[in-house]
Every structure is written in structure tokens, then in C-alpha cells.
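These notes are about the structure you will find just below.
2 protein chains.
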Amino acid sequence: MKLSLKIEYACRVLAQLARSHGSQQLAHIEELAVAEDVPANYLVQILNELRNGGLITSRRGKQGGYALAQAPGEISLYDIIRIVDAEMLENSVSPNGQSGQAVQAVWAEIGDTFAEQTKNIRLSDMAAETGPMYYI
Amino acid sequence: MKLSLKIEYACRVLAQLARSHGSQQLAHIEELAVAEDVPANYLVQILNELRNGGLITSRRGKQGGYALAQAPGEISLYDIIRIVDAEMLENSVSPNGQSGQAVQAVWAEIGDTFAEQTKNIRLSDMAAETGPMYYI
DNA sequence: GCCTTTGTTAGGTCATCAGCTAAAGAATCA
DNA sequence: TGATTCTTTAGCTGATGACCTAACAAAGGC
Numbered sequence: 003m004k005l006s007l008k009i010e011y012a013c014r015v016l017a018q019l020a021r022s023h024g025s026q027q028l029a030h031i032e033e034l035a036v037a038e039d040v041p042a043n044y045l046v047q048i049l050n051e052l053r054n055g056g057l058i059t060s061r062r063g064k065q066g067g068y069a070l071a072q073a074p075g076e077i078s079l080y081d082i083i084r085i086v087d088a089e090m091l092e093n094s095v096s097p098n099g100q101s102g103q104a105v106q107a108v109w110a111e112i113g114d115t116f117a118e119q120t121k122n123i124r125l126s127d128m129a130a131e132t133g134p135m136y137y138i
Numbered sequence: 003m004k005l006s007l008k009i010e011y012a013c014r015v016l017a018q019l020a021r022s023h024g025s026q027q028l029a030h031i032e033e034l035a036v037a038e039d040v041p042a043n044y045l046v047q048i049l050n051e052l053r054n055g056g057l058i059t060s061r062r063g064k065q066g067g068y069a070l071a072q073a074p075g076e077i078s079l080y081d082i083i084r085i086v087d088a089e090m091l092e093n094s095v096s097p098n099g100q101s102g103q104a105v106q107a108v109w110a111e112i113g114d115t116f117a118e119q120t121k122n123i124r125l126s127d128m129a130a131e132t133g134p135m136y137y138i
């Protein structure tokens with residue numbers, strides 16, 4: 003399954019925030035960018051969308067930073083996609099042509115499955131410890 | 003689910019070919035383009051890929067045209083995607099960053115579901131009669 | 001109050017590519 | 001031979017994804 007870098011970045015950064023969820027520490031853009039290997043300047047935009055979408059909160063100034071707005075178990079992959087790349091969830095298939103309707107119906111079914119599956123995947127599933135890290 | 007126009011066009015045209023499968027008639031590009039509302043010049047490329055992929059056969063010259071190489075029940079949606087837009091089936095998620103592996107694993111699962119589902123959908127499902135057509 | 005640190009916002013760039021066009025070439029048959 | 005149809009390849013173009021730049025606003029420390 004091909005997906006946009008934007009979604010991938012959003013998942014990684016949210017997973018990172020999930021790890022520090024519960025502590026009082028706020029994460030800084032620069033830290034997140036380094037930890038998850040995401041261009042900081044691009045990350046700024048993504049964090050903005052996530053905040054506008056209600057998944058994270060932020061504070062400015064000294065002691066500022068980002069934190070999850072909900073528990074990692076409350077945030078679904080569907081939520082993330084809807085906020086940073088809603089287009090991916092739309093059914094873009096047109097009913098044109100003699101076979102348009104039948105083709106559209108088939109893809110609608112696939113889209114439903116996809117939506118259902120992403121709703122059942124939680125941020126906590128992506129923030130799980132990945133086992134020991136091997137530094138080279 | 004968002005998908006490329008190319009896949010959509012391929013599905014519609016193949017569904018059209020499926021309807022005339024069994025008859026000795028070969029379909030012409032221009033006919034297919036009109037019946038399925040696909041730009042003829044673009045369709046040329048798609049039919050080429052489908053032929054190279056082994057889904058259809060063609061004949062040049064007078065009495066030339068296109069036909070399915072297999073029965074509509076033998077061709078899966080997975081086959082179609084693999085031939086005209088293989089990239090959609092690849093797992094493009096990188097394992098970079100601290101959460102890369104966990105995120106990658108989640109998307110691999112989604113990709114597996116998608117592949118499985120498309121393998122179970124056959125061209126015959128998309129060539130089903132769509133009921134009465136209403137001409138305006 | 002001022003300065004530093006942080007996030008906020010708007011805008012721009014740059015390469016890539018999906019979608020489409022066009023046209024010359026090759027096969028088939030009358 | 002010549003009309004017809006597919007075959008192949010080359011090139012165009014507008015949109016977009018992925019980033020970057022830079023001015024701006026808030027919060028806190030001194």
C-alpha cells in the first residue's frame with residue numbers, strides 16, 4: 003500500500019509523543035524532528051494540522067512544546083489520516099462510462115474495509131516498543 | 003480510498019471487454035474509449051500495458067482489435083493493479099526514526115489486507131450488469 | 001520592560017509526475 | 001498497393017507533494 007510521506011511522518015511523530023504521554027514534559031519540534039527523522043520545516047506544518055484537528059495540544063514560549071490531547075488508545079489511525087490527508091479516504095471513482103457504476107461499487111467496498119481497519123488501529127499500536135535498537 | 007485514474011480506466015475498459023468475451027468480435031480502441039468515457043490517446047497506453055501484462059490480446063490491421071486473454075472470472079483486481087500501477091501495491095513506508103519499525107508493521111498489515119481483498123475480486127464482479135441505464 | 005525561546009503563519013520554490021497528445025511505424029487484409 | 005487498425009515512442013503541461021524561508025506572536029526569565 004502506497005501512502006504519502008505526510009501520513010508516515012504524522013504517525014511517527016505521534017508515536018513519539020505517545021511515548022512521553024503521561025509525563026509533564028512537552029516535546030519540541032526540533033527534538034521530534036531528530037528522533038523521528040523528519041524535516042523540521044515540514045514537521046511544523048504537520049504539527050499544525052494535527053493541532054487544528056484536535057489530536058495534540060501546544061504551548062508557546064519558554065517551556066513550550068507539544069503533547070497528545072488524548073490517550074494513545076483513544077487516537078485511531080483513521081483520525082490521523084482524516085486530519086493530515088483526508089483525500090485518501092474519499093471515494094474518487096466516478097460512475098462514468100458503461101461500467102462506471104459497477105467499478106465504483108467494488109471500490110466503495112474496498113474503501114469501507116480500509117476505513118474499518120484504520121479505525122481499529124490505535125496510536126498505542128504504533129507506539130509499542132520495537133524491541134532493542136541496534137546502534138551501528 | 004483514493005486511486006489513480008489509470009486503474010479506474012483499466013477496470014472500466016476490461017469490464018467492457020468482459021461483456022463481449024466469448025463472442026468472436028474484437029473491440030476497437032475508439033469504441034472502448036467512447037463506451038467507457040476514457041480519452042482514446044491515453045487508453046492506447048493502458049491497453050499496451052495490459053497486453054504486455056498478459057491480460058488481453060490484440061490483432062493489428064483490418065479486423066484487428068482487443069479481447070480478453072482469460073475468462074473474466076480468472077482475472078482479479080489484484081492482477082489489474084499489479085500491471086498498470088504496481089507502485090500501489092508496494093510498501094513504501096520506511097523504517098526510519100525511532101517509531102519507523104512499528105509504523106511500518108502496521109501499514110504492512112493494511113497492505114496485506116488490501117492485497118488479499120483485491121485478489122478475491124474478479125473482473126466478472128465489475129462486469130455485472132448495472133441494471134437499467136437512464137438516458138437523459 | 002526587554003530579551004530569549006519557543007510555537008504560528010504565510011508564502012515561495014523546485015522537482016516530479018499523472019494524464020494527455022501526437023505521430024511515425026508495423027501488421028493485416030482486400 | 002493502399003486502407004485500416006494496432007504499436008511504439010516521444011514529448012507536453014498543469015498540478016501537486018515535499019520542503020524551505022522568514023516575518024510574526026506568545027510565554028517566561030532577567
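Protein chains in written order, with the working numbering: chain Y, 3 to 138; chain D, 3 to 138. Just so it is clear, CB atoms sit at the ideal spot from N, CA and C, and this is done for glycine as well.
Opening and closing residue of the alpha helix (DSSP H) in which residue i lies
i, result
"Ile112(Y)", "102-122"
"Ala12(Y)", "7-21"
"Ile85(Y)", "79-86"
"Ala53(D)", "With the sequence shown as reference, residue 53(D) is identified as Arg, and Ala is not the correct amino acid for it. From DSSP, the alpha helix (DSSP H) with Arg53(D) extends over 42-54."
"Glu38(Y)", "31-38"
"Ser126(Y)", "125-128"
Closer than 9 Å to chain Y by CB, residue i
i, result
"Gly113(D)", "yes"
"Glu127(D)", "Note on identity: in this sequence residue 127(D) is Asp, with Glu being the wrong assignment. Output row for Asp127(D): interface = yes."
"Pro134(D)", "Because Pro134(D) sits at a pLDDT of 36, beneath the cut-off of 50, its placement in the model cannot be relied upon, and the following sentence gives the value as read from the coordinates. No, its Cβ sits nowhere closer than 9 Å to a Cβ of chain Y."
"Gln119(D)", "yes"
"Ala69(D)", "no"
"Leu79(D)", "yes"
"Ser22(D)", "no"
"Arg14(D)", "yes"
"Tyr137(D)", "The predicted model places Tyr137(D) with a pLDDT of 37, which falls under 50 and marks its position as unreliable; any figure quoted below should be read in that light. No, Tyr137(D) lies away from the interface with chain Y (no Cβ there is under 9 Å from its Cβ)."
Supposed close pair residue i, residue j - CB separation, criterion 8 Å
i, j, result
"Gly75(Y)", "Ser126(Y)", "5 Å"
"Arg21(D)", "Gly102(Y)", "Their Cβ separation, rounded to whole angstroms, is 14 Å, which puts Arg21(D) and Gly102(Y) out of contact at 8 Å."
"Ala42(Y)", "Glu32(Y)", "6 Å"
"Asn93(Y)", "Met90(D)", "Not confirmed; about 16 Å, so no contact."
"Ser78(D)", "Ile123(D)", "6 Å"
"Glu38(Y)", "Gln100(D)", "6 Å"
"Ile48(D)", "Val86(D)", "6 Å"
"Gly67(Y)", "Leu28(Y)", "3 Å"
"Tyr80(Y)", "Thr120(Y)", "4 Å"
"Leu70(Y)", "His23(Y)", "5 Å"
"Ile83(Y)", "Leu16(Y)", "With a Cβ gap of about 12 Å, Ile83(Y) and Leu16(Y) do not count as contacting."
Contact with chain D by residue i, beta-carbon distance below 9 Å
i, result
"Val40(Y)", "yes"
"Arg61(Y)", "no"
"Glu32(Y)", "no"
"Ala73(Y)", "no"
"Val46(Y)", "no"
"Ala130(Y)", "yes"
"Leu91(Y)", "yes"
Contacts that residue i makes with chain D (C-beta to C-beta distance below 8 Å)
i, result
"Val95(Y)", "Leu5, Glu10"
"Arg53(Y)", "In chain order: nothing, as chain D lies at least about 19 Å away."
"Ala37(Y)", "Gly99, Gln100"
Span of the beta strand (DSSP E), counted from its first residue to its last, around residue i
i, result
"Ala69(D)", "67-70"
"Ser60(D)", "58-61"
Neighbouring residues, chain Y, relative to residue i (Cβ below 9 Å)
i, result
"Thr18(D)", "Residue identity check: residue 18(D) is Gln in the sequence provided, not Thr. In chain order: Gly99, Gln100, Ser101."
"Ile85(D)", "Simply none; closest approach about 16 Å."
"Ala29(D)", "Per Cβ cutoff of 9 Å: no residues; Ala29(D) is ~12 Å from chain Y at best."
Amino acids of chain Y, ordered along the chain, whose beta-carbon sits closer than 7 Å to that of residue i
i, result
"Ile123(D)", "Val108"
Check: residue i C-beta below 8 Å from any heavy atom of the ligand FMN
i, result
"Glu92(Y)", "Annotation note on the ligand FMN: not contained in the displayed structure, which lists no ligands."
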